[in-house]
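K.L.:
Below are the structure tokens for one structure; questions will follow.
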Amino acid sequence: MSREHYQWSRRDFLKAAGIAGAGSLLKPAAETAASGDATFKIPRRPFGNTGLEVPILSFGGSLDTSLSRIVLKQAVKWGVTYWDTANSYMGGRSERAMGNYLEKYPDDRQKIFLVTKSHAWTLNGLSADLDLSLERLKTDYIDLFFLHSVRNIGELDTDTKIWAEKKKAEGKIRLFGFSTHSNMENCMLAAARLGWIDGIMTTYNYRLMHEDQMRRAVDACEKAGIGLTAMKTQGGGQVRTDSETEVELAGRFLSKGFTDAQAKLKAVWENPQIASICSEMPNMSILMANVATATDKTRLSKLDNTVLLRYARETRSGYCSGCADICESAIGGHIPVSDVMRCLMYARSYGDRYRAAKQFQKIPLPIRKLIDNTDYSVAEQRCPRKMPIGSLMREALEEMG
Numbered sequence: 002m003s004r005e006h007y008q009w010s011r012r013d014f015l016k017a018a019g020i021a022g023a024g025s026l027l028k029p030a031a032e033t034a035a036s037g038d039a040t041f042k043i044p045r046r047p048f049g050n051t052g053l054e055v056p057i058l059s060f061g062g063s064l065d066t067s068l069s070r071i072v073l074k075q076a077v078k079w080g081v082t083y084w085d086t087a088n089s090y091m092g093g094r095s096e097r098a099m100g101n102y103l104e105k106y107p108d109d110r111q112k113i114f115l116v117t118k119s120h121a122w123t124l125n126g127l128s129a130d131l132d133l134s135l136e137r138l139k140t141d142y143i144d145l146f147f148l149h150s151v152r153n154i155g156e157l158d159t160d161t162k163i164w165a166e167k168k169k170a171e172g173k174i175r176l177f178g179f180s181t182h183s184n185m186e187n188c189m190l191a192a193a194r195l196g197w198i199d200g201i202m203t204t205y206n207y208r209l210m211h212e213d214q215m216r217r218a219v220d221a222c223e224k225a226g227i228g229l230t231a232m233k234t235q236g237g238g239q240v241r242t243d244s245e246t247e248v249e250l251a252g253r254f255l256s257k258g259f260t261d262a263q264a265k266l267k268a269v270w271e272n273p274q275i276a277s278i279c280s281e282m283p284n285m286s287i288l289m290a291n292v293a294t295a296t297d298k299t300r301l302s303k304l305d306n307t308v309l310l311r312y313a314r315e316t317r318s319g320y321c322s323g324c325a326d327i328c329e330s331a332i333g334g335h336i337p338v339s340d341v342m343r344c345l346m347y348a349r350s351y352g353d354r355y356r357a358a359k360q361f362q363k364i365p366l367p368i369r370k371l372i373d374n375t376d377y378s379v380a381e382q383r384c385p386r387k388m389p390i391g392s393l394m395r396e397a398l399e400e401m402g
């Protein structure tokens, strides 16, 4: 196992990771960044065949606090210059927070690979969202514009391609693509065949990266020159577990100087086909921990990866992998099982019950009323992970409905 490091000592790394306590990590990291020490800069990778390079760590922009400008400024100093947001995040406040920063520090715009997304499903809606995003972000162009939460590649037709080409010609966007939480592998494989998708943000983590279908999808995108950004990299599930392997996992990585959460980031970065990981970093502590992980060169050992894989297998039935077509078709296609499971993940894995409830409430009321009276037995039989779909759906309704 390679143990090559940058100039940071193990103690500095522990501090930045937050293991030594929040009170001890701010000053050393801030001083290192302020000194302009190049060893602290985030590594970069090519973004598909676009000719652009991006940092391997992307700033997930669900932020709207008064501290946003301070966190963003520090992110720029450390080279976290791939910024991801969306028209809908925080009711538009996320885009405004980034826009306020860019208005105050306009010279930083050239350093930033700026990404935003639209939920609109009409061309007029896409245009309106894009123009609003440009206004909020105080910029003339978006580096990468995503159609958000694509479930089926049929949602991107020839008219969408023409729209994207037009907006590129107008100089409003540089690249176009989509994000996907459901049916990811099928969407990625189909996108590779389209020939005009520049980038994809997909759920990808230590659980999914070993699945044959995901491997094929990533390979296809690489061959097609599509830049890939991984999200949901912690692999948090809908069912809380207390397995012995989970305890072993945490103890194993802490003894090596980083947390199991940081190890999960490392597992994804070890695949060079992934250009960047998008992580929500609403405060300085999380930003520091992630930057410390991205700049540390310690590789996971074969045994480290084996332990992660064993844990993934032991907790397989507690994690929804987003293959919505399988379970949803089994119950008539009316109830968005995958979306409900994502809400449970936000509540139980992220601990963000407000966000979970808000997303759940976006499901139309008539459909929510169907949840409690639906028979999920066939869906459970077809589920590759054998999840207890019925009980989870009713728990979601009780907790968030």
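Sequence positions in the sequence shown follow this note's numbering and run 2 to 402.
Note that the Cβ used here is the ideal one computed from N, Cα and C, for glycine as well.
Specify the secondary structure class of Leu53 as computed by DSSP and reduced to three states.
P.N.:
Walking along the sequence shown from the start, residue 53 turns up at place 52. Leu53 falls in the coil class under three-state DSSP.
K.L.:
Under 8 Å between the Cβ atoms of Asp261 and Ala251?
P.N.:
Taking the first residue of the sequence shown as 1, we reach residue 261 at position 260. Taking the first residue of the sequence shown as 1, we reach residue 251 at position 250. In contact: Asp261 and Ala251 (Cβ atoms closer than 8 Å).
K.L.:
Could you give the C-beta distance for Asn101 and Arg70, rounded to a whole number, given that I count them as a contact under 8 Å?
P.N.:
Locating residue 101 in the sequence shown gives position 100, counting from the first residue. Locating residue 70 in the sequence shown gives position 69, counting from the first residue. Indeed, because the Cβ distance is near 7 Å, the residues count as touching under 8 Å.
K.L.:
Taking the beta strand (DSSP E) that Asp85 falls in, what are its first and last residues?
P.N.:
Within the sequence shown, the letter at position 84 stands for residue 85. From DSSP, the beta strand (DSSP E) with Asp85 extends over Tyr83 to Asp85.
K.L.:
Across which residues does DSSP place Ala281 in a beta bridge pair?
P.N.:
Taking the sequence shown and counting its residues from 1, the one referred to as residue 281 is at position 280. Looking at the sequence provided, one finds Glu at residue 281 rather than Ala. According to DSSP, Glu281 bridges with Gly61.
K.L.:
Hey, out of Lys118, Asp85, Leu135 and Ala121, whose CA is closest to Glu104's CA?
P.N.:
Translated into the one-based positions of the sequence shown, residue 104 becomes position 103. Glu104 has its Cα closest to that of Leu135, out of Lys118, Asp85, Leu135 and Ala121.
K.L.:
Restricting to Cα atoms, I'd like to know which of Gly319, Lys370 and Thr296 is closest to Arg386.
P.N.:
Walking along the sequence shown from the start, residue 386 turns up at place 385. Closest option to Arg386, Cα to Cα, is Gly319.
K.L.:
Report all residues from its chain with a CB closer than 6 Å to the CB of His6; omit the five preceding and five following residues, and keep chain order.
P.N.:
Position 5 of the sequence shown, counted from the start, is the residue given in the question as residue 6. Here the model assigns His6 a pLDDT of 32, short of 50, so the residue's position is not dependable, and the following value carries that caveat. Same-chain partners within the cutoff: Lys298.
K.L.:
Just curious, the alpha helix (DSSP H) that Met91 is in, first and last residue?
P.N.:
The residue given as residue 91 occupies position 90 in the sequence shown. Neither: Met91 is in no alpha helix (DSSP H) and is coded neither H nor E.
K.L.:
Between which residues of its own chain and Arg395 is the CB-CB distance below 8 Å, once the five residues before and five after are set aside?
P.N.:
Position 394 of the sequence shown, counted from the start, is the residue given in the question as residue 395. These residues qualify, in order along the chain: Ile372 and Asp373.
K.L.:
Ignore the nearest five residues each way along the sequence and tell me which others in Ser183's own chain have a CB closer than 6 Å to its CB.
P.N.:
For the purposes of this step, residue 183 is identified with residue 182 of the sequence shown, where counting begins at 1. Only Arg152, Gly323, Ala325 and Ser339 meet the Cβ criterion.
K.L.:
If you reduce the DSSP assignment to three classes, tell me which class Asp144 lands in.
P.N.:
Looking up residue 144 in the sequence shown gives position 143. Reduced to three states, the DSSP call for Asp144 is strand.
K.L.:
I want to see whether chain D comes within less than 8 Å of Gly323, judged by CB atoms only; does it?
P.N.:
You won't find chain D in this structure, because it holds only one protein chain.
K.L.:
Give me, in chain order, the residues of the same chain whose beta-carbon lies closer than 6 Å to that of Met185; leave out the 5 immediate sequence neighbours on both sides.
P.N.:
Taking the first residue of the sequence shown as position 1, residue 185 is located at position 184. Excluding sequence neighbours, Met185 sits near Thr203, Thr204 and Gly323.
K.L.:
For Gly238 versus Tyr207, is the C-beta distance shorter than 8 Å?
P.N.:
Counted from its first residue, the sequence shown places residue 238 at position 237. Counted from its first residue, the sequence shown places residue 207 at position 206. In this structure, Tyr207 does not lie closer than 8 Å to Gly238 by Cβ.
K.L.:
Can you tell me whether Ser256 is helix, strand or coil according to DSSP?
P.N.:
As a working note, residue 256 is residue 255 in the sequence shown. In the structure shown, Ser256 sits in a helix (DSSP, three-state: H, G or I).
K.L.:
So, are the CB atoms of Arg369 and Leu398 less than 8 Å apart?
P.N.:
Counting from one through the sequence shown, the residue named residue 369 turns up at place 368. Counting from one through the sequence shown, the residue named residue 398 turns up at place 397. In this structure, Leu398 lies closer than 8 Å to Arg369 by Cβ.
K.L.:
As an exercise, report each continuous beta strand (DSSP E) stretch of at least 3 residues that is fully enclosed by the stretch 181-205, in chain order.
P.N.:
Counting whole runs of 3 or more residues, the stretch 181-205 contains the beta strand (DSSP E) stretches 200-204.
K.L.:
From what residue to what residue does the beta strand (DSSP E) around Val77 run?
P.N.:
Within the sequence shown, residue 77 is the residue found at index 76, counting from 1. Note, Val77: premise wrong, no beta strand (DSSP E); alpha helix (DSSP H) at Ser69 to Lys78.
K.L.:
Quick check: the Cα distance between Lys173 and Leu53, rounded to an integer number of angstroms?
P.N.:
In the sequence shown, counting from the first residue as 1, residue 173 sits at position 172. In the sequence shown, counting from the first residue as 1, residue 53 sits at position 52. So the alpha carbons of these two residues sit roughly 17 Å apart.
K.L.:
According to DSSP, is Pro47 part of a helix, a strand, or is it coil?
P.N.:
Here residue 47 is taken as the residue at index 46 of the sequence shown, counted from 1. The answer is strand: DSSP assigns Pro47 an E or B state.
K.L.:
Are Val292 and Leu145 close, meaning C-beta to C-beta below 8 Å?
P.N.:
As a first step, residue 292 must be located in the sequence shown, where it is residue number 291. As a first step, residue 145 must be located in the sequence shown, where it is residue number 144. No, Cβ-Cβ distance for Val292 and Leu145 is not below 8 Å.
K.L.:
Give the single residue among Ala221, Thr161 and Lys162 whose Cα lies nearest to the Cα of Met189.
P.N.:
The residue you call residue 189 lines up with position 188 of the sequence shown. For Met189, the nearest C-alpha among the options comes from Ala221.
K.L.:
If I follow the unbroken alpha helix (DSSP H) through Leu138, where does it start and stop?
P.N.:
Looking up residue 138 in the sequence shown gives position 137. Looking at the DSSP string, the run of the alpha helix (DSSP H) that includes Leu138 is Leu124 to Leu138.
K.L.:
I need the DSSP call for Gly155, collapsed to helix, strand or coil.
P.N.:
Looking up residue 155 in the sequence shown gives position 154. Here Gly155 sits in helix by DSSP.
K.L.:
Measuring alpha carbon to alpha carbon, tell me which of Glu400, Pro47, Leu115 and Asn88 ends up nearest Leu73.
P.N.:
Position 72 of the sequence shown, counted from the first residue, corresponds to residue 73. When only C-alpha atoms are compared, the closest one is Leu115.
K.L.:
If you draw a straight line from the alpha carbon of Lys28 to that of Asp85, how long is it in whole angstroms?
P.N.:
As a working note, residue 28 is residue 27 in the sequence shown. As a working note, residue 85 is residue 84 in the sequence shown. Any reading at Lys28 must be qualified, since the residue scores a pLDDT of 38, below 50, and its modelled position is unreliable; no value is offered.
K.L.:
Spell out the partners DSSP gives Lys298 in its beta bridges.
P.N.:
Taking the first residue of the sequence shown as position 1, residue 298 is located at position 297. DSSP, once it has assigned bridges, lists no residue as partnering Lys298.
K.L.:
For Tyr83, which residues from the same chain have a beta carbon less than 6 Å from its beta carbon, with the 5 sequence-adjacent residues on both sides left out?
P.N.:
Within the sequence shown, the letter at position 82 stands for residue 83. Correct list, in chain order: Val55, Pro56, Ser59, Phe114 and Ser277.
K.L.:
Going by the beta-carbon positions, is the gap between Ala218 and His149 smaller than 8 Å?
P.N.:
To locate residue 218, count along the sequence shown from 1; it is residue 217. To locate residue 149, count along the sequence shown from 1; it is residue 148. Going by C-beta atoms, Ala218 is not nearer than 8 Å to His149.
K.L.:
Measure the C-alpha to C-alpha separation of Asn50 and Gly226 and round it to an integer number of angstroms.
P.N.:
Looking up residue 50 in the sequence shown gives position 49. Looking up residue 226 in the sequence shown gives position 225. Rounded to the nearest angstrom, the two C-alpha atoms are 5 Å apart.
K.L.:
At a threshold of 7 Å, does Asp353 count as lining the ligand FAD (C-beta to nearest heavy atom)?
P.N.:
Among the components modelled here there is no ligand, and therefore nothing to report on the ligand FAD.
K.L.:
When you compare each of Thr294, Val248, Leu229 and Lys233 to Gly258 by their alpha carbons, which one comes out closest?
P.N.:
Stepping through the sequence shown from its first residue, residue 258 is reached at position 257. Closest by alpha carbon: Thr294.
K.L.:
Express the C-alpha separation of Leu366 and Ile163 in angstroms, rounding to a whole number.
P.N.:
Walking along the sequence shown from the start, residue 163 turns up at place 162. Walking along the sequence shown from the start, residue 366 turns up at place 365. Taking the straight line from one Cα to the other gives about 35 Å.
K.L.:
Only counting the same chain, and skipping five residues up and downstream in sequence, which positions put a Cβ closer than 6 Å to that of Ala380?
P.N.:
Taking the first residue of the sequence shown as position 1, residue 380 is located at position 379. Within the same chain, Ala380 has close Cβ partners Cys328, Ala331, Ile332 and Ile390.
K.L.:
Would you call the CB atoms of Ile154 and Ala192 closer than 8 Å?
P.N.:
Looking up residue 154 in the sequence shown gives position 153. Looking up residue 192 in the sequence shown gives position 191. Yes. Within cutoff.
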